[in-house]
Amino acid sequence: MDSLTSQRAGLESGEFSSVELVEATLSRAEAEGRTLGAVVGLRGESALSEAAASDSRLRAGEARSPLEGTPFLLKDNMVMQGEPTTCASKILEPFISPYEGAMAEKLRAAGAIVIGRTNMDEFAMGSSTENSIFGPSHNPWDPTRTCGGSSGGAAAVVAAGVTGYALGSDTGGSIRQPASFCGVVGMKPTYGRVSRFGLVAFASSLDQIGPMTRTARECAWVLEAISGHDERDSTSIPEPAPRLESALDGDVSGLRIGLPKEYFVEGGTDPEVLARVHAGIKELESAGAKIVEVSLPHTEYVVATYYLVATAEASSNLARYDGARYGRRAEGVQDLDEMYRRSRSEGFGDEVKRRILLGTYVLSAGYFDAYYRKAQQVRTLVRNDFQKAFDTCDLIAGPTYPETAFGLGAKVDDPVSMYLGDIFTVSANLAGLPAISIPCGFAEGRPVGLQLLGPALGEAGLLRAADAFQRRTDFHEKRPVLDGISERIQELEKAR
Amino acid sequence: MSRISPEDVKRTAALARLSLSDDEMESMTRDLDRILEHADQLKALDTEGIEPTAHAIPLRTPLRVDRAAPAIDPEQALLNAPLREGTAFAVPKVIDGEGE
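As structure tokens, this is what we get:
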């Protein structure tokens, strides 16, 4: 019962109750979840009493939604009333949310059970879930490797079968890249599709919440439940939640899949990854899709553009952590300026400081035009590239990431090499487009992700193609071997 | 040629209200220099006359009905206060005055 599909079936048939399911999930979260460094907080008692209430509704035939009684985890940057939210940062360590964020609110209203929080890179800044006060998350397929980031904990809990689904947030690939590394489905919806109310802001024009699941169909269920207009988020699209499951008819005949030539250049991507991605595209072609070549000529500029825009926005958003109203305040401060400086300097980790400094620099007098404004102009060119590409294709396919999961510690001291890996993921954020990563095979035993990108509000088309792919393949049914993983991780921690 | 000097980093850190140790100054200067070196490739692009994009999805400031609704309770708002006095957040003294 480790997938949302089997959990729904079991709850609906009465094979098990929500209380039994939540109990089993909590014990997996305590065991595998904590061992992998993927789970950072649990609310066992509250979850069990909510599950009991859910069971009453299920027995009375009053299920609130298809997610009734199913357990899941929030990423530790989504607030829930009365619960901690730390963003894996020392500065928010003491924070308990005084209000309910949109994700907790919507999914609880749908009858789903929040059982706890998943690990992440501090303030969602990173690609490996190593920048965390809780320590790194380990990849369930190979604990010596990262599970990606920043939603690494969320990807790991789904891959390890702790929960059937989890929520991630994606500012430059933070849902899709860990999904790719851990062999699960991860979707970043169109910007504005899902409310950001109660999501701790990193880069407001890029951040978007999305589901992480095993299958495209499960992704559709969760996305239907979390999307829709929210007047508390001024960037929320005034559209009702889309009907997605009805789009999953397995039919991709005539679907035009664009392959950007810039995504398939020699030497850029691991050849094994490219081979699996090509094979995945072939699978869709044999299901009736048509392959067309397209061009996204500004691809080589997207990483620089992204890091200028994202850090500028971050430097502004993170100005609120000043030690005055919430979060950690440095001890023994004499004056206000010292309170700000010491609370921030003691509270933020290295990567967050690096990004605040870069963002502050590119927004400062004398550099604004050369860096920030320039990046915003290139962002326009990137958007135009996609507009043009979607004139001749319905969706775009390519690798999610240039390689499979890299080793823990491999890039942590080399920020530029860490950033360059984001070349295929950041464009969807810059252009506001929906994109999904689905498992398309293995290279040396490690999962490979196939990324599909669609036009704005094109989630249904992406999920139809992803579901058609999964009807013909069984990569999403593979499970990592978790026997003895706890001992292996203990040895690794000792060796460090 | 370095793109950013230790003085630039120091000035930027002051703007961002961050204090950096000597080691941090050195590593941040080196890292920022390498990141800006990568960012400099944008200079090769001609963007004359291109409108900047601040938001990918065209947005208008949405309006809603102006109605009275309960706001957060002061006690709840103060739950996370590192230091409070009555119904206020307490911070170190800003202005010296009488009663010192």
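Just so you know, the sequences run in chain order P and D.
Here the first sequence is numbered in my numbering, starting from 103 and rising by one per residue.
Here the second sequence is numbered in my numbering, starting from -18 and rising by one per residue.
Here a beta-carbon is modelled for each residue, glycine too, at the ideal position from N, C-alpha and C.
Predicted model only: the values in this text are computed from it and were never measured.
Alpha carbon to alpha carbon, what distance is there between P:Ala491 and P:Val354? Here residue 354 of chain P is taken as the residue at index 252 of the first sequence, counted from 1. Here residue 491 of chain P is taken as the residue at index 389 of the first sequence, counted from 1. Rounded to whole angstroms, P:Val354 to P:Ala491 spans 19 Å at the Cα level.
Just to confirm before moving on: does the CB-CB distance between P:Leu167 and P:Ala327 stay below 8 Å? Here residue 167 of chain P refers to the residue found at position 65 of the first sequence. Here residue 327 of chain P refers to the residue found at position 225 of the first sequence. Residue 167 of chain P is actually Ser in this sequence, not Leu. Yes, the Cβ-Cβ distance between P:Ser167 and P:Ala327 is below 8 Å.
Inter-residue Cα distance where the pair is D:Gly80 and D:Val72: Here the question's residue 80 of chain D lines up with position 99 in the second sequence. Here the question's residue 72 of chain D lines up with position 91 in the second sequence. The predicted model places D:Gly80 with a pLDDT of 47, which falls under 50 and marks its position as unreliable; any figure quoted below should be read in that light. So the alpha carbons of these two residues sit roughly 17 Å apart.
Closer than 7 Å, Cβ to Cβ, to anything on chain P: give me those residues from the segment 9 to 39 of chain D, in chain order. Met9, Asp12, Leu13, Arg15, Ile16, His19, Ala20, Gln22, Leu23, Leu26, Thr28, Ile31, Glu32, Pro33, Thr34, Ala35, His36, Ala37, Ile38
Under 7 Å from the C-beta of D:Pro73: neighbouring residues of chain P: Residue mapping note: residue 73 of chain D aligns to position 92 of the second sequence, counting from 1. In chain order: Val435, Gln436, Asp437, Leu438, Met441.
Report back the beta-carbon spacing between P:Gly116 and P:Gly218 to the nearest angstrom; my notes put them in contact at under 8 Å. By 1-based counting over the first sequence, the position of residue 116 of chain P is 14. By 1-based counting over the first sequence, the position of residue 218 of chain P is 116. Contact between P:Gly116 and P:Gly218 is absent: CB atoms are separated by about 26 Å, not below the 8 Å threshold.
Closer than 8 Å is the cut-off here; do at least three beta carbon pairs connect the segment 142 to 159 of chain P with the segment 203 to 218 of chain P? yes
Under DSSP, the alpha helix (DSSP H) around P:Glu374 begins and ends at which residues? Counted from its first residue, the first sequence places residue 374 of chain P at position 272. That run of the alpha helix (DSSP H) goes 373 to 388.
Going by other Cβ atoms of all chains shown within 10 Å of its Cβ, with 16 needed for buried, is P:Gly228 buried or exposed? Translated into the one-based positions of the first sequence, residue 228 of chain P becomes position 126. Buried, since its Cβ has 16 or more Cβ neighbours within 10 Å.
Identify the contact partners of D:Ala(-6) in chain P, using a Cβ-Cβ distance below 7 Å as the criterion. In the second sequence, the residue the question calls residue -6 of chain D occupies position 13. Ordered by position in chain P, the residues that pass the 7 Å Cβ test against D:Ala(-6) are Leu459.
Got a sec? Which residues, its chain only, sit under 6 Å from D:Asp(-11) by beta carbon, not counting five neighbours each side? Here residue -11 of chain D refers to the residue found at position 8 of the second sequence. For D:Asp(-11), there are no CB contacts under 6 Å within the same chain when 5 residues up- and downstream are skipped.
Taking Cβ-Cβ distances shorter than 7 Å, what residues in chain P pair up with D:Arg(-2)? Here residue -2 of chain D refers to the residue found at position 17 of the second sequence. In chain order: Tyr442, Arg443, Arg446.
Measure the Cβ-Cβ separation of P:Ala537 and P:Lys290 and say whether it is below 8 Å. Working through the first sequence from its first residue, we reach residue 537 of chain P at position 435. Working through the first sequence from its first residue, we reach residue 290 of chain P at position 188. Yes, the pair counts as a contact, with Cβ atoms nearer than the cut-off.
Which value, in whole angstroms, describes the spacing of the CA atoms of P:Glu561 and P:Ala322? Here residue 561 of chain P refers to the residue found at position 459 when the first sequence is read from its first residue. Here residue 322 of chain P refers to the residue found at position 220 when the first sequence is read from its first residue. Each residue's Cα considered, the two are about 9 Å apart.
State the Cα-Cα distance for the pair P:Glu134 and D:Arg15, rounded to the nearest angstrom. As a position in the first sequence, residue 134 of chain P is number 32, starting the count at 1. As a position in the second sequence, residue 15 of chain D is number 34, starting the count at 1. One C-alpha to the other measures close to 39 Å.
For P:Arg358 and P:Gln572, what's the separation of their Cα atoms in angstroms? In the first sequence, the residue the question calls residue 358 of chain P occupies position 256. In the first sequence, the residue the question calls residue 572 of chain P occupies position 470. Going by the C-alpha atoms only, they are around 18 Å apart.
Would you say the segment 429 to 448 of chain P touches the segment 187 to 207 of chain P, given that touching needs at least three Cβ pairs under 8 Å? yes
Do you know whose CA, among D:Ala(-3), D:Asp12, D:Ala20, D:Glu7, lies nearest P:Ala472's CA? Numbered from 1 along the first sequence, position 370 holds the residue referred to as residue 472 of chain P. When each option's Cα is compared against that of P:Ala472, the closest is D:Ala20.
Would you call the segment 464 to 479 of chain P and the segment 201 to 212 of chain P in contact, with 3 or more CB pairs under 8 Å? Taking 8 Å as the limit for Cβ pairs, the verdict is that the segment 201 to 212 of chain P does not touch the segment 464 to 479 of chain P.
Going by alpha carbons, who is nearest to D:Glu7 out of D:Ala58, D:Pro33, D:Ser(-14)? As a first step, residue 7 of chain D must be located in the second sequence, where it is residue number 26. Scanning D:Ala58, D:Pro33, D:Ser(-14) for the CA closest to the CA of D:Glu7 turns up D:Ser(-14).
Proximity to P:Pro344 [Cα-Cα], best of P:Glu589, P:Leu565, P:Ala597: Here residue 344 of chain P corresponds to residue number 242 of the first sequence, with the count starting at 1. Comparing Cα positions, the closest option is P:Leu565.
When you compare the CB of D:Arg45 with every CB in chain P, is at least one pair closer than 8 Å? Reading the second sequence from its first residue, position 64 is the one you call residue 45 of chain D. Chain P, which has a Cβ nearer than 8 Å to the Cβ of D:Arg45, makes this yes.
Just to make sure I have the definition right: I need the residues of chain D whose C-beta is within less than 9 Å of the C-beta of P:Gln310. Which are they? Along the first sequence, read from residue 1 onward, the residue named residue 310 of chain P stands at position 208. What P:Gln310 touches in chain D: nothing, since even the nearest Cβ is about 10 Å away.
Do you know whose CA, among P:Leu169, P:Ile198, P:Leu175, lies nearest D:Leu59's CA? As a position in the second sequence, residue 59 of chain D is number 78, starting the count at 1. Residue P:Ile198 holds the alpha-carbon nearest to the alpha-carbon of D:Leu59 among P:Leu169, P:Ile198, P:Leu175.
If you draw a straight line from the alpha carbon of P:Gly300 to that of P:Asn419, how long is it in whole angstroms? As a working note, residue 300 of chain P is residue 198 in the first sequence. As a working note, residue 419 of chain P is residue 317 in the first sequence. Approximately 14 Å between the Cα atoms of the pair.
Just curious, the beta strand (DSSP E) that P:Gly270 is in, first and last residue? The residue given as residue 270 of chain P occupies position 168 in the first sequence. Counting along the chain, the beta strand (DSSP E) containing P:Gly270 begins and ends at 268 to 272.
Could you tell me whether any Cβ in chain P is nearer than 8 Å to the Cβ of D:Glu81? Indexing the second sequence from 1 puts residue 81 of chain D at position 100. Any reading at D:Glu81 must be qualified, since the residue scores a pLDDT of 41, below 50, and its modelled position is unreliable; the value itself is stated next. So, not an interface residue.
How far does the beta strand (DSSP E) with P:Leu357 in it extend, from its first residue to its last? Against the first sequence, residue 357 of chain P aligns to sequence position 255. Run containing P:Leu357: none; DSSP gives neither H nor E here.
For the segment 45 to 65 of chain D, which residues have a beta carbon sitting closer than 8 Å to at least one beta carbon of chain P? Arg45, Ile53, Gln57, Ala58, Leu60, Asn61, Ala62, Pro63, Leu64
Is DSSP giving P:Phe544 helix, strand or coil here? Start at 1 with the first residue of the first sequence, and residue 544 of chain P comes out as number 442. Three-state DSSP puts P:Phe544 in a strand.
Any C-beta of chain P under 8 Å from that of D:Thr42: Position 61 of the second sequence, counted from the start, is the residue given in the question as residue 42 of chain D. It does; some Cβ of chain P falls within 8 Å.
List the endpoints of the continuous alpha helix (DSSP H) containing P:Gly563. In the first sequence, residue 563 of chain P corresponds to position 461, counting from 1. 561 to 574 is the extent of the alpha helix (DSSP H) around P:Gly563.
Tell me which residues of the segment 479 to 513 of chain P have at least one Cβ-Cβ distance to chain D shorter than 7 Å, keeping chain order. Gln479, Val480, Arg481, Thr482, Leu483, Arg485
If you check the beta carbons only, do P:Gly275 and P:Thr506 fall under 8 Å apart? As a first step, residue 275 of chain P must be located in the first sequence, where it is residue number 173. As a first step, residue 506 of chain P must be located in the first sequence, where it is residue number 404. Going by C-beta atoms, P:Gly275 is not nearer than 8 Å to P:Thr506.
When we look at the beta-carbon of P:Ser282 and count the other beta-carbons within 10 Å, is it buried (16 or more) or exposed? Walking along the first sequence from the start, residue 282 of chain P turns up at place 180. P:Ser282 comes out buried.
Measure the alpha-carbon distance for P:Asp437 versus P:Pro196 and round it to whole angstroms. In the first sequence, counting from the first residue as 1, residue 437 of chain P sits at position 335. In the first sequence, counting from the first residue as 1, residue 196 of chain P sits at position 94. Approximately 22 Å between the Cα atoms of the pair.
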